[in-house]
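Visitor: Sequential numbering of the sequence shown, starting at 13, is according to my numbering. Every residue gets a Cβ at the ideal spot worked out from N, C-alpha and C, and that includes glycine. Being a predicted model, the structure only gives us computed values, none of them experimental. Below: one structure in structure tokens.
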Amino acid sequence: MHLSLIPLANSIKEYGGSIALAENEAVYSNIELPLLKDTSRSKAKINIYYQASMGQAEYSLKCTGGSVTIKASGRVGAYYALQTLRMLGRFDEGVCRVPCVEIKDRPKYKYRGVSLDESRHFFGKEYVKKMIDEMFRLKLNVLHWHLSDDQGWRIEIKKYPRLAEIGSKRAYTQLGSATSDSFEQKEYGGYYTQEDIKEIVEYAAARCVNIMPEIDVPAHMGAAIAAYPNLACRELETEVFGYFSDYIPNKRGIEAWNRPVCMGKQESIDFILDVYDEVAALFPFEYFHIGGDECKTLEWARCPACQRVMKENGFAKEQELQKMLTGILCRHLKAAGKRAVGWNEILNGGEIDKSVIVQCWENKRLPLCEEYARTGGSLIMSNHKSFYFDMPYAMYPLKNTYEFSPGKYGITPELEKAVIGIEGELWTEWMPTPQKLEMQLHPRAEALAEAGWTDDENKSFSDFLKRFDSIKGIYERLGINRAADKTANPKNIIKRFYYIYKIRHGNSNIEFLANNKLLQKEAAASTAED
Ligand code: ACM
Ligand code: ZN
């Protein structure tokens, strides 16, 4: 029998036998735990004690002699112990029987994240809370919230009301796949008010999840430029775009597509700083994501104002304008007590302040990230082949996520201390619904959670699959979609190539639709076994 625990704890002694608990078993705790209504019961079967010597997320859990004893140095460790108890005792299935074990546990990485792109599709407050619940169950602790992009601006900014009024809506949405010339001609939109944001941040904090906002600059600013065309180098006629890749706008020769904000205008820099001030004030987490990915520099090369700034600063290439912006934002955020995080392209323009955390994503060897690690910088690993959860399983099977190691991406053992953690990416161009998103996310989030928590010597993919198999029943009960085993671990190479081709050229849903059928088959097979 496998322990029904993901991520697997780092030290487990199994004693044999088990104890039965009630679904709402009384808890005594001398650590304040606001999610539990009553923790003052002196004769409780579950007892939580403060132990100063432990790390923030560390805990111990002993389940023997008819009761459960938990030790932690605070709220995070205590809650994580309770999540372990919840999984071991299969509380989500109503079993509530905990094996007799002694566990000592703490995470491998301090940063264990998932991103959510709400620009391409908007999921809304209740859904984000559901995702946070899931993260809590898996001991994932950072939600990286991508709140702005070319296809929609999703957060109220009081100083710039047109961002919500104009920037949050698009008139059409591309359908099918990146290359398809097919559109839904219907207004699509949504944004969070600052009150919504406060509510979600508070909800997340209670569940040990930090939220890192991303306002992506200087590129991916199409929605902001639609609202404030003066931010761009040239005031072309523009819109909030409904294209999900370069293919169609390039084919149509749309000049306004994919332009960064102007680095030669003080008003553009001031705009970003004002927006950052409002956003930073809403999110207590120390990290603030400045984006920085995929910045095309052609507009800057043609713009007299950008060229003047280059000349004044003695810059030889346009990418140094982005480096300048990164420096301004880093200093500004530092003054507000924050650390900037940026995609790996922020290293392309030359040296940046080492306080900036670089997120490695591009699907190639990244020598600049390696150099950054070598010279004292910190990294978050979101390498494409392991962590781009928007990609089909046919392309990146579950094993890619589970068997992540920094060494696979050029981070040699002596550089590993630079890695603060890992993050799975949910770009939502082709995920219009929670059902699709959840199928892309589960069980990758589970594999990510274990890769982020469990030491290499305690990990085994085959054991992970067995443990996942033992908890599969909860997904239906919790109302969460997931990939079937045959989707997540595809074997037929011809079918894999066919799916990858179709997903790029015509039908981004082919794997998703096949998965619905595979889940039904799994359910029928498990009923037959019972
Ligand atoms: C990215 O995928 N453009 C970070
Ligand atoms: Zn310019």
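(1) Looking at the secondary structure, which residues open and close the beta strand (DSSP E) in which isoleucine 392 lies?
(2) May I ask whether a heavy atom of ligand 2 can be found less than 7 Å away from the beta carbon of alanine 317?
(3) Output yes or no for whether 8 Å exceeds the beta carbon distance between serine 180 and glycine 164.
(4) Just to confirm, is the Cβ distance from alanine 494 to alanine 406 under 8 Å?
(5) Hey, out of Met275, His344 and Gly354, whose CA is closest to cysteine 318's CA?
(6) Give the range of the alpha helix (DSSP H) segment to which glutamine 532 is assigned.
(7) Of the choices Ile434, Ala328 and Glu199, whose alpha-carbon is the least far from that of histidine 396?
(8) According to DSSP, simplified to helix, strand and coil, what is glutamate 469?
(9) Go to valine 140, then tell me how far its beta strand (DSSP E) extends in each direction, as first and last residue.
(10) Between Asn412, Arg456, Ala69 and Glu382, which lies nearest to proline 425 when the distance is taken from Cα to Cα?
(11) Please name the residue in Trp269, Phe295, Pro111 and Ala385 whose C-alpha comes closest to that of lysine 308.
(12) Shorter than 7 Å, the distance from the beta carbon of glutamate 306 to the closest heavy atom of ligand 1, or not?
(13) Do the CB positions of cysteine 112 and threonine 76 come within less than 8 Å of each other?
(14) Take threonine 96 and list the residues in its own chain whose beta-carbon comes closer than 8 Å to its own, dropping the five residues that flank it on each side.
(15) Leaving out five residues before and five after isoleucine 358 in sequence, what residues of the same chain have Cβ atoms less than 8 Å from its Cβ?
(16) So for alanine 500, helix, strand or coil by DSSP?
(17) So, cysteine 220 versus valine 88, is the Cβ gap smaller than 8 Å?
(18) Quick check: does the Cβ of asparagine 325 come within less than 7 Å of any heavy atom belonging to ligand 3?
(19) Cβ-heavy atom distance between tryptophan 549 and ligand 1 below 7 Å?
(20) If you reduce the DSSP assignment to three classes, tell me which class tryptophan 312 lands in.
(21) Cα-Cα, which of Gly67, Asn42 and Leu47 is closest to asparagine 59?
(22) Locate the beta strand (DSSP E) running through asparagine 222, then write down its first and last residues.
(23) Whose C-beta lies closer than 7 Å to the C-beta of arginine 377 among residues of the same chain, with five residues either side of it excluded?
(24) As a quick exercise: from Asp161, Pro241, His454 and Phe148, pick the residue whose alpha carbon is nearest that of leucine 47.
(25) Rounded to whole angstroms, what's the CA-CA distance from histidine 156 to valine 321? Just pull it up for me.
(26) Rounded to whole angstroms, what's the CA-CA distance from aspartate 258 to tyrosine 91? Just pull it up for me.
(27) In or out: asparagine 36 buried (at least 16 other Cβ within 10 Å) or exposed?
(28) Can you say whether glutamine 452 is buried or exposed, counting buried as having 16 or more other CB atoms within 10 angstroms of its CB?
(29) What's the gap between the Cα of glycine 436 and the Cα of glutamate 146?
(30) Does ligand 2 have even one heavy atom less than 7 Å from the beta-carbon of cysteine 274?
(31) Is there contact between the region 100-110 and the region 402-419, where contact requires at least three CB pairs shorter than 8 Å?
(32) For alanine 385, I'd like the list of residues in its chain whose CB is within less than 8 Å of its CB, leaving aside the five on either flank, ordered along the chain.
(33) Restricting to runs no shorter than 4 residues, where is the alpha helix (DSSP H) found entirely within the region 217-287?
(34) Spell out the partners DSSP gives arginine 182 in its beta bridges.
(35) When burial is assigned at 16 or more other CB atoms within 10 Å of the CB, is asparagine 153 buried or exposed?
(36) Could you check if glutamate 247 belongs to the surroundings of ligand 2, using beta carbon to heavy atom distance under 7 Å?
Guide: So, to answer that:
(1) 390-393
(2) yes
(3) Result yes, Cβ atoms of serine 180 and glycine 164 sit closer than 8 Å.
(4) In the sequence on display, residue 494 carries arginine and not alanine. No.
(5) If you compare the alpha carbons of Met275, His344 and Gly354 with that of cysteine 318, the shortest gap goes to Met275.
(6) Going by DSSP, glutamine 532 is part of the alpha helix (DSSP H) stretching over 522-541.
(7) Nearest option by C-alpha distance: Ile434.
(8) helix
(9) For valine 140, no beta strand (DSSP E) run applies; the uninterrupted alpha helix (DSSP H) run containing it begins and ends at 137-149, by DSSP.
(10) For proline 425, the closest alpha carbon among the candidates Asn412, Arg456, Ala69 and Glu382 is that of Glu382.
(11) Trp269
(12) yes
(13) yes
(14) Leu17, Ala21, Tyr71, Leu73, Ile115 and Asp117
(15) Ile302, Gly304, Gln334, Lys335, Thr338, Ile364, Val368 and Val370
(16) helix
(17) yes
(18) The model depicted lacks ligand 3 and carries ligand 1 and ligand 2 instead.
(19) The structure shown does not extend to residue 549, since the chain is modelled only from 13 to 542, so the question has no answer here.
(20) helix
(21) Asn42
(22) 222-229
(23) Gly422
(24) Looking from the CA of leucine 47, the closest CA among Asp161, Pro241, His454 and Phe148 belongs to Phe148.
(25) 32 Å
(26) 44 Å
(27) Exposed, since its Cβ has fewer than 16 Cβ neighbours within 10 Å.
(28) Taking all protein chains in view, the Cβ of glutamine 452 is crowded by 16 or more other Cβ atoms within 10 Å, so the residue is classified as buried.
(29) Rounded to the nearest angstrom, the gap between the Cα atoms of glycine 436 and glutamate 146 is 14 Å.
(30) yes
(31) no
(32) Leu391, Ile423, Leu427, Ala430 and Val431
(33) The region 217-287 contains these whole alpha helix (DSSP H) runs: 234-239 and 259-264.
(34) DSSP lists Tyr200 as partners of arginine 182.
(35) buried
(36) no
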